[in-house]
Amino acid sequence: MIFHAKTWEQVSVLAEKGINCVSNWLQNNLLSLNLSKTKFMCFSITDRSRPTTHTCYNQYPCQCPVLEYTESIKYLGIIIDRYLTWKKHIDAQFSRIRKLMLIFNRLKRVAEAEVIRIIYLALCQSILTYCISAWGGTAESLLIKLERAQRAILKVAYRRPCTYPTVKLHLETKTLSVRKLYILATCSRYHRFRGLTIQDTSKNRRFAFPTPKRRTVFGQLSFAFRGPFLYNKISKSMDSEIVKLSRYKLASHIETTLAKLDFESTEALLHILV
2 MIFHAKTWEQ
12 VSVLAEKGIN
22 CVSNWLQNNL
32 LSLNLSKTKF
42 MCFSITDRSR
52 PTTHTCYNQY
62 PCQCPVLEYT
72 ESIKYLGIII
82 DRYLTWKKHI
92 DAQFSRIRKL
102 MLIFNRLKRV
112 AEAEVIRIIY
122 LALCQSILTY
132 CISAWGGTAE
142 SLLIKLERAQ
152 RAILKVAYRR
162 PCTYPTVKLH
172 LETKTLSVRK
182 LYILATCSRY
192 HRFRGLTIQD
202 TSKNRRFAFP
212 TPKRRTVFGQ
222 LSFAFRGPFL
232 YNKISKSMDS
242 EIVKLSRYKL
252 ASHIETTLAK
262 LDFESTEALL
272 HILV
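According to my numbering, the sequence shown holds residues 2 to 275 in order.
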């Protein structure tokens, strides 16, 4: 459950009402709430915006169980931290990818290149792309860690030296970097859930979707902003009406376009003018 309001006091009141509502529903259906597994987390951008911890206790003791506070929580395979930096999730993914090194080191001796690519897509890229449209907009300093692990896997699997050029590596193996996978997943997701009508009928903005305004850089990392932002940029760079394409054809076109981009061009695509 997610509760939000203008002040932490209002959030506390809403949270109590919400938990009471859920608890009453469970009791009416002969169920109970597992309080040992129920935790809460306060999202904030900085420490200054965190709720204050009260040290003055009520003189009347309360026998009600206390919910445990946590700094991060794992939900459906995604580790969500209170700052939404996704650092812990990326660290966990990095560890999972590095463990695949032994598999591909043995596989390269017996399998052909096409078989290795299929196994790479199944084992490695499936980890990288899971919910990437949610966490892929995080800081570049965090994503570079995953990209290094990805390159290490590819170089071992395809018998390439450590100093092999990254762009050439992805072209030969027909793979995309983590940043490009994020762009592909974000545009594909927005293409599916975008609005069906566009208000502006001018020729230049006929297929440009409105990008919501965000006052902070943190807000610009969310899918609500990056979705239409990247979708419009991709549409402009491809110089085609991608809004009319099916989801499969859109992904194929974007993947072909992204494969030709180098590191600087990819960063320019992600760059936001402030």
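The C-beta atom is built at its ideal place from N, Cα and C for all residues, glycine as well.
| Query | Result |
| --- | --- |
| If I measure Cβ to Cβ from residue 211 and keep anything under 7 Å in the same chain, skipping five residues before and after, which residues do I get? | 229 |
| What is the DSSP secondary structure of residue 45, reduced to helix, strand or coil? | coil |
| How long is the line joining the alpha carbons of residue 153 and residue 175, rounded to whole angstroms? | 15 Å |
| Tell me the rounded alpha-carbon separation between residue 267 and residue 33. | 50 Å |
| Considering residue 92, what are the terminal residues of the alpha helix (DSSP H) in which it resides? | 88 to 99 |
| Helix, strand or coil, according to DSSP, for residue 154 in the structure here? | helix |
| So, residue 70 versus residue 44, is the Cβ gap smaller than 8 Å? | no |
| My output table needs one value for residue 3: the three-state DSSP class, helix, strand or coil. | coil |
| Alpha carbon to alpha carbon, how far is residue 74 from residue 259? | 33 Å |
| Please list, in chain order, all residues of the same chain as residue 19 whose beta carbon is under 8 Å from its beta carbon, the five residues on each side excluded. | 2 and 4 |
| Count Cβ pairs between the segment 241 to 260 and the segment 153 to 169 that sit closer than 8 Å; are there 3 or more? | no |
| Between which two residues does the alpha helix (DSSP H) containing residue 73 stretch? | First-last for residue 73: 73 to 76, but that is the beta strand (DSSP E), not the alpha helix (DSSP H). |
| To which residues does DSSP link residue 82 through a beta bridge? | 73 |
| Indicate whether the contact test is met: 3 or more Cβ pairs, each with one atom in the segment 125 to 142 and one in the segment 169 to 186, closer than 8 Å. | yes |
| Starting from residue 105, trace the alpha helix (DSSP H) both ways and give me its first and last residue. | 102 to 108 |
| If residue 186 sits next to residue 133, beta carbons under 8 Å apart, how far is it from one beta carbon to the other, in whole angstroms? | 5 Å |
| CB-CB under 8 Å to residue 91, same chain, minus the five flanking residues each way: which ones, in chain order? | 136, 139, 143, 144, 146 and 147 |
| Assign residue 194 to buried or exposed, taking buried as 16 or more other Cβ atoms, counted over all protein chains shown, within 10 Å of its Cβ. | exposed |
| Hey, residue 9 and residue 52: beta-carbon distance below 8 Å or not? | yes |
| Identify the continuous alpha helix (DSSP H) that holds residue 278 and give its terminal residues. | Outside the shown range of the chain, which is 2 to 275, sits residue 278, and nothing can be said about it. |
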